[in-house]
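Residue numbers (the numbering used here): 1152 to 2229. Note that CB positions come from ideal geometry on N, CA and C, so glycine has one too. I have placed the structure first, in the form of structure tokens, so that the comments after it can refer back to it.
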């Protein structure tokens, strides 16, 4: 490489050991201590080669942000610190670039974080794959399938608040570009027994609590449910509420997710109806009743619950009631009907509830698959994500734990096989000699369980199918006979004498030595749970339901398709599912995530070593490390290896010119590493012992310190030289500046001295000239003064005789002139304001100026009025003309007038041109609108009012409907003869029309308006403008109005109003309309 690149590595700043393959020494104690050390520093991920160990932190960590996604995107697996994103990126790139189908196997016990790990894998893949509307829709549907399946398949247990009670395997399908096309989900072994009974401290499935907490009252009423959990026997009350879990919010999330996935509204409602039916089944109780023939039978205590279930599901109540009380057995051509006692009835009820819920869950998975399946038929690449229950060892282990542990045995078997296969393929690919690796092969345990002739599952099926009395004890006896000699099977009743006195092994139990340790199984319930029987009567009752979904869940209930053949057992079904899963996984490139639970308290910062040790054993992690280290513990491509360690050899530092492999060979020869400690592959260097790698890391660390010291030394020398040169350059600059300053200062001193001397000389010359000029001026002034005195004497002598004759008249005129001058100056300072209504005027100082004073007052008033008028615009002049007209018409005549003086006349109160509501009305009127106002039109018959739009144009008066804008009446102004109104403080006025005109066919109009003065004034001016005739304005408390053929007297009276200060109008008789004014 031409330029050194700084890259991060798994080995940089490593807390503990990031890859357990490098752990020295390797034993259980160091393994746990390394996990604990990393856990205490929030490093929850650790590698075993390409396997990721994930320790549940039980809290949120800032390591899943979009920035982290970008950090791990398209990066080498070992390039950054261990992370689930690194494995997800490696799997996705292998699928996209190398066309290899992938599978990610996530295992661990309940509460270890498997479900969260699967979500993180899917979210990472969704973040790094392509974009686009269609791709985003597919990604959203794949991600939103999780909340739906979690609601129906997860529950709160003592170990985990969101424990998956089913196994899930999802195949995500991609196109050739790596964009998601769709997916297929497979589910395994739903824990349906949880529907009817939950261990202490645990809950039923989430959906029951979410429905009761989050559904609306309307929906609950429709489903015939109540919000109180205690009303339902199938819901445990001691753990109904979970801290930090909002069931109501989760219910809304599930409903939204169902919409996104593609559930129709009626499908979602049908699903909730089935859930409600399951809840209500638990409330059905039975009582014993004796028959005549002495047989016991059961009867339902309260049939109200049964009735509501039948209403929900559309089943005939009598059919379902009989199915709970009788059982029909068919054999060839015979049918035998037997009664069910109370215990059998309860068994039938619980079996129906379990089957109904289990089949609903399977239907949900199939329905989701229909929505998320790839729509195109092109060749697809597949990434499978397996989130399945881990190995379980409880205090009481039953059939469910046996099946789960069998599945984990198969997963462990395929894990070891695929890991060895992957190692062997890499050795062959790199041309490294393969050596045989010894490891524990658990095929013998799998054979003990699944062998078709003498396996435990085969014998359990045989026992369930044989005639005669079949119990759990007979099944155990058979096991003791067939499996007694098997080295991994232990039973106190077997023929093997070594267990006869083993008190830790009860008589009703058997023990299997799994790869993860010994597990004691209670044989009680094995036969019933394997049979998983649902009486045919109940299946047929369900098939008869009018509820489409329930009917589809029980196809075997169809009488036309009665199959007398016994349905397959639960064990055989699960065995077939596991076989299909294993076959599927073997066709894909595996990636493993091993989840570990650090404590049983679901608390952060707590690491229980005994619990972790137990999980390490049953996950086989130490075995995994040993297999990985059996050949070469560490391998790395030549380029990053040379880049990391090239500073350890002078020939490769700082740049190696040749091939990377040759550089690594030179490097290892220079370091004198024993040849047996490493081997050269085609593209990688293989290191056998972790000690060799740590030796290289120690040498690199020391060399980096030496290089850092060298860099520091060179840097300090460069810094000192640079500082010296800077100081030298600065000294020269300072000296130059100082010399310049000294010369400038000397020059300034000489200059200032010269200026002082010059100023003194100029001052002496100026004073001399000044004295001469002063002397000349005094001589000139003296001559002027003498001349003035002489001229004065001559003039006084000449005019003395004239002055004595006219002295009185001139004194009078002078005095009068001075008085007038003083008067005008005082008036100038005492002028009033320019307001035309200001009546102030200064008082007259002298009597002889009385006429002048009045004339000045008149002239000033006219002048300021003109100045005030000059300020008016044409529009303002028009307003004042209208106000003046209103004053002449109504002042001292109408009590309403004073309140209208201060209100400007606006005219267009409705803004018809701007309001889209009146567009139709605007289009119908072509003239200019002078007034647009809402008035109350008084009904001629009863005196009640109706809102109308009053429009006045240049030629017409129009009335329109306020809501629709339709024109109701149109009156030409030439037909308006008079306007009448009262003298009181009301807004009533009548518009009288010309007799015989078309507009007067229904009579005159009587209106009420808040802007009476303005409307009457504008109507008066517009009529005068158009007809050249003054409109008669009648102001009287009584006037006649023509209503059709009758003349009605409108009378205004004073009265107390019930509705406050609003005038009211009331028709008294055919001839009188009375208006009460407050």
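Is residue 1154 helix, strand or coil by DSSP? Because the pLDDT of residue 1154 is 36, which lies under 50, any placement of that residue in the model is unreliable, and the number read from its coordinates should be weighed accordingly. Three-state result, residue 1154: coil.
DSSP bridge partner residues for residue 2123 (one or two, in chain order): Note: residue 2123 sits in a beta bridge opposite 2107.
Can you list the beta strand (DSSP E) stretches of 3 or more residues lying completely in the segment 1412-1453, in chain order? Listed in chain order, they are 1437-1441, 1447-1451.
Quick one: what does DSSP say residue 1690 is sitting in, helix, strand or coil? Secondary structure at residue 1690: helix, using DSSP grouped into helix, strand and coil.
Cut-off 7 Å between Cβ atoms - residues of its own chain near residue 1991, not counting five sequence neighbours on either side: So the list reads 1983, once near-sequence residues are dropped.
Would you kindly check if the distance between the Cβ of residue 1268 and the Cβ of residue 1235 is under 9 Å? Between residue 1235 and residue 1268, the CB-CB gap stays under 9 Å.
How about residue 1472 and residue 1454: do their beta carbons lie closer than 9 Å? Their beta carbons are under 9 Å apart, which means residue 1472 touches residue 1454 by this criterion.
What does residue 2130 pair with, by DSSP beta-bridge criteria? In DSSP, residue 2130 forms a bridge with 2142, 2184.
Quick one, are the C-beta atoms of residue 1797 and residue 1818 less than 9 Å apart? Yes. Within cutoff.
If I measure Cβ to Cβ from residue 1263 and keep anything under 7 Å in the same chain, skipping five residues before and after, which residues do I get? Counting only Cβ-Cβ distances below 7 Å, and skipping sequence neighbours, we find 1207, 1541, 1746, 1747, 1748.
Distance, Cα to Cα, residue 1839 vs residue 1774? In a straight line, the C-alpha of residue 1839 is about 18 Å away from that of residue 1774.
Cα separation between residue 1459 and residue 1424? For residue 1459 and residue 1424, the gap between their C-alpha atoms comes out near 11 Å.
If we count the other Cβ atoms within 10 Å of its Cβ and call it buried at 16 or more, is residue 2197 buried or exposed? Label assigned to residue 2197: exposed.
What is the residue span of the beta strand (DSSP E) that residue 2159 lies within? For residue 2159, the enclosing beta strand (DSSP E) begins and ends at 2156-2159.
Between the Cα of residue 1173 and those of 2124, 1189, 1872, 1199, spot the shortest distance and give me the residue it belongs to. For residue 1173, the nearest C-alpha among the options comes from 1199.
So, at 6 Å on beta carbons, what are the nonlocal neighbours of residue 1488 in its own chain, with the 5 sequence-adjacent residues on each side left out? Within the same chain, and ignoring the five residues on either side of residue 1488 in sequence, the residues whose Cβ sits closer than 6 Å to its Cβ are 1477, 1479.
Starting from residue 1787, follow its DSSP beta bridges and name the residues at the other end. Paired residues: 1836.
Can you tell me which of the three DSSP states residue 1639 falls into? Under the three-state reduction of DSSP output, residue 1639 falls in the coil class, being neither helix nor strand.
Where in the segment 1467-1553 do unbroken runs of the beta strand (DSSP E), each at least 3 residues long, occur, reported from the N-terminal end onward? Listed in chain order, they are 1477-1482, 1485-1490, 1532-1538.
Taking the DSSP output, what are the residues bridged to residue 1331? Among the bridge pairs identified by DSSP, residue 1331 is matched with 1325.
State the DSSP-derived secondary structure class of residue 1195, mapped to helix, strand or coil. In the structure shown, residue 1195 sits in coil (DSSP, three-state: anything other than H, G, I, E or B).
To the nearest whole angstrom, what separates the beta carbons of residue 2167 and residue 2130, a pair I think is in contact under 8 Å? Correct: roughly 6 Å between the Cβ atoms.
Taking its Cβ as the centre, do 16 or more other Cβ atoms sit within 10 Å of residue 1428, making it buried, or is it exposed? Classification of residue 1428: buried, given that the 10 Å Cβ count is 16 or more.
Write down the C-beta distance between residue 1682 and residue 1615 rounded to the nearest angstrom, noting that I regard them as a contact closer than 8 Å. Sure, about 5 Å apart at Cβ, within 8 Å.
Spatial distance of residue 2122 from residue 2011 (CA atoms): The C-alpha of residue 2011 is placed about 49 Å away from the C-alpha of residue 2122.
Which first and last residues belong to the alpha helix (DSSP H) in which residue 1745 is found? Counting along the chain, no alpha helix (DSSP H) covers residue 1745; the unbroken beta strand (DSSP E) around it starts and ends at 1740-1747.
Does any residue of chain B have a CB that is nearer than 9 Å to the CB of residue 1693? The displayed structure is made up of one protein chain only, and chain B is not part of it.
Using a Cβ distance threshold of 8 Å, determine whether the segment 1687-1702 contacts the segment 1619-1628, with at least three qualifying pairs required. Short answer: they don't touch.
Work out the CA separation of residue 1294 and residue 1526 for me, nearest whole Å. The alpha-carbon atoms of residue 1526 and residue 1294 are separated by roughly 18 Å.
Assigned exposure category for residue 1743 - 16 Cβ within 10 Å defines buried: With 16 or more other Cβ atoms within 10 Å, it is buried.
How would you call residue 1547, buried or exposed, if buried means at least 16 neighbouring beta carbons within 10 angstroms? Counting Cβ neighbours within 10 Å, residue 1547 comes out exposed, since fewer than 16 surround it.
Range of the contiguous beta strand (DSSP E) that encloses residue 1830: First-last of the beta strand (DSSP E) with residue 1830: 1829-1831.
According to the Cβ coordinates, are residue 1312 and residue 1702 closer than 9 Å? With contacts defined as CB atoms closer than 9 Å, residue 1312 and residue 1702 fail to qualify as a contacting pair.
Would you mind stating whether residue 1771 and residue 1672 have Cβ atoms separated by less than 9 Å? Not in contact: residue 1771 and residue 1672 (Cβ atoms no closer than 9 Å).
Rounded to the nearest angstrom, what separates residue 1581 and residue 1336 at their Cα positions? Within the model, the alpha-carbon separation for residue 1581 versus residue 1336 is close to 37 Å.
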